[in-house]
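Student: My questions all concern the structure below.
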Amino acid sequence: MDLIPHVIDGRETESRGAARFDTVDPWTRKPWAEVAHGGADEAGEAVAAARRAFDTGPWPRMGFAERGAVLHRLADLIEEHAHELATADTTDMGKPIAESTGKDVPRSAANFRFFADHARLAPAEALPMDSGHHAYTRFEPAGVVAAIAPWNFPLMLETWKIAPALAWGNTVVLKPAEDTPASATILARLALTAGMPPGVLNVVHGFGPGSAGEALTTDPRVDRITFTGESGTGRAIARAAAANLTPVSLELGGKGANIVFADADLDAAVDWSIRAIFTNAGQVCLAGSRLYVQREIHDAFLERFRAAAEALVIGDPKDPATQLGPLASLEHYTKVRSYVDGVPEDGGTIATGGLGDGWVVRPTVVTGAPPSARVSREEIFGPVVVVTPFDTEAEAVAAANATPYGLNAMLFTENLSRAHRVSAALKAGTVWVNCFFIRDLRAPFGGVGDSGVGREGGNFSREFFTEPKAVVMAIDVG
Ligand code: NAD
3 MDLIPHVIDG
13 RETESRGAAR
23 FDTVDPWTRK
33 PWAEVAHGGA
43 DEAGEAVAAA
53 RRAFDTGPWP
63 RMGFAERGAV
73 LHRLADLIEE
83 HAHELATADT
93 TDMGKPIAES
103 TGKDVPRSAA
113 NFRFFADHAR
123 LAPAEALPMD
133 SGHHAYTRFE
143 PAGVVAAIAP
153 WNFPLMLETW
163 KIAPALAWGN
173 TVVLKPAEDT
183 PASATILARL
193 ALTAGMPPGV
203 LNVVHGFGPG
213 SAGEALTTDP
223 RVDRITFTGE
233 SGTGRAIARA
243 AAANLTPVSL
253 ELGGKGANIV
263 FADADLDAAV
273 DWSIRAIFTN
283 AGQVCLAGSR
293 LYVQREIHDA
303 FLERFRAAAE
313 ALVIGDPKDP
323 ATQLGPLASL
333 EHYTKVRSYV
343 DGVPEDGGTI
353 ATGGLGDGWV
363 VRPTVVTGAP
373 PSARVSREEI
383 FGPVVVVTPF
393 DTEAEAVAAA
403 NATPYGLNAM
413 LFTENLSRAH
423 RVSAALKAGT
433 VWVNCFFIRD
443 LRAPFGGVGD
453 SGVGREGGNF
463 SREFFTEPKA
473 VVMAIDVG
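Count along the sequence shown starting at 1, add 2, and that's the number in the numbering used here.
So this is what it looks like as structure tokens:
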């Protein structure tokens, strides 16, 4: 079996005592590779390497154009190695290959291109003062960034963190999720090939609590922690980071509301709503897992929605025709299964779907579940949607906001005023009107409430990954 090593200070390494763990292909349900099992020692070595590269290496001292050229070369290499990277993520977590090849890998390359150019072109404020002085802002790199990533969009979410951190001159230690280690090691190799100095991008594999993840969050040599994952983990990381007052950016869980008004374009609303919940087998923080449909069109919508859910192609994620693969791991399948099994007890009905073969959960549509049901309230992170009718706009907004989460919401309407009014009323970091998952990398991305702390994207990433410094200068203009 292959070994997936750490990449620390430009070298591929094993852990002390050659400790390893298996990574499992969720379609075959068998281990497909071994992974170097890092703990506090390996995380510490990676932080030391990143610290050296930051304190004495060329990366933070390069001009934006020179650094940007390396990041663009890395983007080129990601595109050239698209098949290898896409296969790594699909084998690790069962994402359909059409998605990893067609979306995740191109978006990963785009992350590097965008943030390289954004950092080079971003204007900084200069403030002429009345008193014979002027002030300006320098955006200086923050230092060593610990990036801790989830397994649902492995390469894509890792690059979403790493690209702005590197573009602004920081050095990075990435800890990928234990279920999806492979693409991160490939990425670190490609970064070295692109000309990134050793120690600038380090990858350490391991687990969270009591392992490499926790060690990164408690290390005083780390200047920023950027984390994507569950809300409970976010709380643990915020607590750990508080000891060193390390700033954290937390992109956490969600229970996205999707509101379809009677005046919506029905076909488009069905199509987007299907994508919103069944893409990546519902293992999407942004999933539209609470679907509210206005009563006049509820039955017609449900009929089409159900038919579209049943038409999705389930199968081997490496088959380009597959639209829905297995869930990412046995542990995760067991969790999602408990929600599906609990639907009758929750007071709901499974209109279509249920359990499939192996670790597959079929596209599952639940009706009749009350707001108090577990399936209505908790993040399932699987292909399970609760459909509920509503009568008035106010009722829909109140239902959508009745959650501790606030990552995103969707609404479908042809009424312009309603689109603006409801967008303003929804408690969410992102609202999509008549679409889903369309991103502009300049826009803020993050959540309110239990869905996160802070925003990333464009200038928001600059705020997090730099230390803005005010320089106030006396000027004598004669
Ligand atoms: P998770 O919280 O279990 O793990 C995420 C990462 O944190 C892993 O690398 C894990 O090893 C590490 N970790 C766990 N405990 C830790 C600790 N105490 N200290 C340091 N590191 C620790 O999340 P997951 O199951 O991998 O991902 C699914 C979750 O991620 C869902 O809740 C989903 O909504 C969320 N998510 C959010 C976004 C977003 O942008 N808001 C995007 C994708 C996924």
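Beta carbons are placed, not taken as given, at the ideal position from N, Cα and C, and that holds for glycine.
Does at least one heavy atom of ligand 1 sit under 6 Å from the Cβ of Cys287?
Tutor: For ligand 1, at least one heavy atom lies less than 6 Å from the Cβ of Cys287.
Student: By alpha-carbon positions, which one of Val146, Val435 and Gly40 ends up nearest to Leu418?
Tutor: Val435
Student: In this structure, does DSSP put Asn260 in helix, strand or coil?
Tutor: strand
Student: So, Ser291 versus Val147, is the Cβ gap smaller than 7 Å?
Tutor: For Ser291 and Val147, no; Cβs fall outside 7 Å.
Student: To the nearest angstrom, how far is the alpha carbon of Gly255 from that of Leu413?
Tutor: When rounded, the distance between both Cα atoms is 20 Å.
Student: Between which two residues does the alpha helix (DSSP H) carrying Tyr341 extend?
Tutor: Leu332 to Asp343
Student: Using 10 angstroms around the beta-carbon of Arg441, count the other beta-carbons present and answer buried if the total reaches 16, otherwise exposed.
Tutor: Counting C-beta atoms within 10 angstroms of its own C-beta, Arg441 has fewer than 16 neighbours from the protein chains shown and is therefore classed as exposed.
Student: Look at the Cβ atom of Lys163, then the Cβ atom of Ala214, and state whether they are nearer than 7 Å.
Tutor: no
Student: Just tell me which of Ile227, Gly236, Ala264 and Ala238 has its CA closest to the CA of Gly250.
Tutor: Reading off the sequence shown, one finds Val at residue 250, where the question assumed Gly. Cα-wise, what sits closest to Val250 is Ile227.
Student: Roughly how many angstroms separate the alpha carbons of Ser110 and Arg75, rounded to a whole number?
Tutor: 13 Å
Student: Mind checking Pro143: buried by the 16 CB within 10 Å criterion, or exposed?
Tutor: buried
Student: Who are the Cβ neighbours of Asn403 in its own chain at under 6 Å, not counting the five residues just before and after it?
Tutor: Excluding positions up to five away in sequence, the list reads Lys429.
Student: Given that a residue counts as buried once 16 or more other Cβ atoms are within 10 Å of its Cβ, and exposed if not, what is Ile477?
Tutor: exposed
Student: Cβ of Gly327 within 7 Å of Cβ of Ala289?
Tutor: no
Student: Under a Cβ-count criterion, where at least 16 other Cβ atoms within 10 Å of its own Cβ denotes burial, should Thr369 be classed as buried or exposed?
Tutor: buried
Student: Of all the CB atoms in chain D, is at least one closer than 7 Å to the CB of Ser233?
Tutor: In the structure shown, chain D does not exist; there is a single protein chain.
Student: Using CA atoms only, rank isn't needed, just tell me which of Val389, Arg444 and Ala426 is closest to Tyr294.
Tutor: Val389
Student: Excluding five sequence neighbours on each side, which residues of the same chain lie with their C-beta closer than 7 Å to the C-beta of Pro199?
Tutor: Ala55, Gly59, Pro60 and Trp61
Student: When we look at the beta-carbon of Leu157 and count the other beta-carbons within 10 Å, is it buried (16 or more) or exposed?
Tutor: Residue burial annotation: Leu157 is buried, with at least 16 other C-beta atoms found within 10 angstroms of its C-beta.
Student: What first and last residue would you give for the beta strand (DSSP E) that runs through Leu413?
Tutor: Asn410 to Phe414
Student: Cβ of Trp153 within 6 Å of any heavy atom in ligand 1?
Tutor: yes
Student: Check whether the Cβ of Thr228 sits closer than 6 Å to any heavy atom of ligand 2, and report yes or no.
Tutor: Ligands in the displayed structure: ligand 1; ligand 2 is not one of them.
Student: Do you know whose CA, among Ala165, Leu87, Pro108 and Thr93, lies nearest Arg122's CA?
Tutor: Ala165
Student: Confirm, please, whether the CB-CB distance from Gly384 to Val363 is below 7 Å.
Tutor: yes
Student: May I ask which residues mark the beginning and end of the alpha helix (DSSP H) holding Ser251?
Tutor: Here Ser251 belongs to no alpha helix (DSSP H); instead the beta strand (DSSP E) covers Val250 to Glu253.
Student: Which residues share a DSSP beta bridge with Gln296?
Tutor: Phe392
Student: From what residue to what residue does the beta strand (DSSP E) around Ala289 run?
Tutor: Premise fails: Ala289 is in no beta strand (DSSP E) and is neither H nor E.
Student: Using the DSSP secondary-structure output, state which residues sit across from Asn204 in a beta bridge.
Tutor: Val175
Student: What ranges does the beta strand (DSSP E) occupy inside the segment 16 to 48, keeping only unbroken runs of at least 3 residues that lie completely in it?
Tutor: 22 to 27 and 32 to 38
Student: Please state if the CB of His334 and the CB of His207 are separated by a distance shorter than 7 Å.
Tutor: no
Student: Starting from the N-terminal side, write out each stretch of the alpha helix (DSSP H) that is 4 residues or longer and does not extend beyond the segment 98 to 152.
Tutor: 107 to 123
Student: Going by C-alpha to C-alpha distance, which of Arg423, Arg444 and Asn410 sits closest to Arg287?
Tutor: Note that residue 287 is Cys in the sequence shown, not Arg. It is Asn410.
Student: On the criterion of 16 or more Cβ atoms from any shown chain inside 10 Å, does Val175 qualify as buried, or is it exposed?
Tutor: buried
Student: Among Arg63, Val107, Phe114 and Arg69, which has the Cα closest to the Cα of Gly460?
Tutor: Phe114
Student: Look at the Cβ atom of Ser374, then the Cβ atom of Gly408, and state whether they are nearer than 7 Å.
Tutor: For Ser374 and Gly408, no; Cβs fall outside 7 Å.
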